[in-house]
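**Student:** One structure coming up, written as structure tokens, with questions to follow.
Residue numbers (UniProt numbering): 1 to 414.
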């Protein structure tokens, strides 16, 4: 479609100094507009990729993908539930847990938290909690020693560190309807759970046997947690496995509590692609005004080319190439700038937070307390290609007008 002659002349027109300074200014503005649009979209998409990565690594890797929780009280024969659940082809592992709410007390500081009793050996099969805890602490995490592993956010609020003691006030229940005093248990902080997010501010871990003693449920457990191979279909898998159990259980999956995070990320990503087309489209249409003025500015050269035998197609391709050069330059510059910023986005935002003395993402509200970023080459390619394609479309009308100039009329007016 494109001849070497049209490419040569289009390149010279693009590099040549314009007689009309307004043409040069608008041309530069359109290129900068495309570059800024491409860079902003790449940075935005990289941030969404980062949030999705952290959701997978810091949330979905440490929480239960699914849970079978007893309806009529604790699950006494939980070993049988584990064996039946693991028979499902998409359930990789199952582990028991005891869950209850407690109030942590240290001096005058109080903090409500979710306490989860786990068996370290079994829990490591269904979650990656151990990766965010000191290995020595996790290996020594045994019952009978009054141990607790606190989320770092809880420890900071209570002003405690490893080796300190605090009191857990655990609600008690009985057959009477009278209000009963909570059970007070003094425990030692064995270690910290550091996820840099919301889970740090509301989760504490204790050994499974200790949790059974504190809650007086004997050998029973609150439920059985499972890990599935297909995380996005966890709800369906949990439902299928739950139908095979011999006991009545509540069926829960991570999508009930954290599913909105995944949906929000995907929604924002879709909106970002829509914004990409609109922003780059607006910037690309500056090329229309640039080429229209360039056609008028180069009317004499066009007329001379026509008298030398240039066809309509050749003239049209010359200005198409001139517009594409602006789009390619803006796209490449924007891609480079956007990738550089995206690769350094996390330390840049962290430095800005330190400079302003204000944290943009609070760990007790959001599932991460920093702005993550991950550059995806496919996103960069899609954004760059979109900018170039829209630039190509924007050149069509001005190039058609240039091919229809009457050389006799132009030269007679000179």
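Yeah, the Cβ is synthetic: ideal placement off N, Cα and C, and Gly gets one too.
Just list the residues that DSSP pairs residue 147 with in beta bridges.
**Tutor:** Answer by DSSP bridge pairing, in chain order: 188.
**Student:** Does the beta-carbon of residue 4 have 16 or more other beta-carbons within 10 angstroms, so that it is buried, or is it exposed?
**Tutor:** So residue 4 ends up on the exposed side.
**Student:** To test your reading of the DSSP string, which unbroken alpha helix (DSSP H) runs of 4 or more residues are found completely within the stretch 223-276?
**Tutor:** Segments of the alpha helix (DSSP H) lying fully in the stretch 223-276: 234-242.
**Student:** Which of the three DSSP states is assigned to residue 346 in this structure?
**Tutor:** In this structure, residue 346 counts as helix in the three-state DSSP scheme.
**Student:** I'd like to confirm the pairing. Which residues does DSSP put opposite residue 167 in its beta bridges?
**Tutor:** Its beta-bridge partners are 105, 186.
**Student:** Quick one: what's residue 99 bridged to in DSSP?
**Tutor:** DSSP, once it has assigned bridges, lists 116 as partnering residue 99.
**Student:** Within this structure, are the beta carbons of residue 252 and residue 107 separated by less than 8 Å?
**Tutor:** Result no, Cβ atoms of residue 252 and residue 107 do not sit closer than 8 Å.
**Student:** At which residues does the alpha helix (DSSP H) containing residue 416 begin and terminate?
**Tutor:** Outside the shown range of the chain (1 to 414) lies residue 416, about which nothing can therefore be said.
**Student:** Quick one: Cα of residue 397 to Cα of residue 280, how far?
**Tutor:** The straight-line gap from Cα to Cα measures roughly 18 Å.
**Student:** Answer yes if the stretch 46-55 comes into contact with the stretch 200-216, meaning at least three C-beta pairs across the two stretches below 8 Å, and no otherwise.
**Tutor:** No, the stretch 200-216 does not touch the stretch 46-55.
**Student:** For residue 41, does the count of other Cβ atoms within 10 angstroms reach 16, so buried, or fall short, so exposed?
**Tutor:** Answer is buried; the Cβ neighbour count reaches 16.
**Student:** If we count the other Cβ atoms within 10 Å of its Cβ and call it buried at 16 or more, is residue 370 buried or exposed?
**Tutor:** Residue 370 comes out buried.
**Student:** Can you list, in chain order, the residues of its chain with a C-beta nearer than 7 Å to that of residue 339? Leave out the 5 residues immediately preceding and following it.
**Tutor:** Answer for residue 339: 42, 375, 380, listed in chain order.
**Student:** Roughly how many angstroms separate the alpha carbons of residue 169 and residue 105, rounded to a whole number?
**Tutor:** Taking the straight line joining both Cα atoms gives about 8 Å.
**Student:** Where residue 341 and residue 199 are concerned, what is the direct C-alpha to C-alpha distance, given to the nearest angstrom?
**Tutor:** Whole-angstrom Cα-Cα distance: 29 Å.
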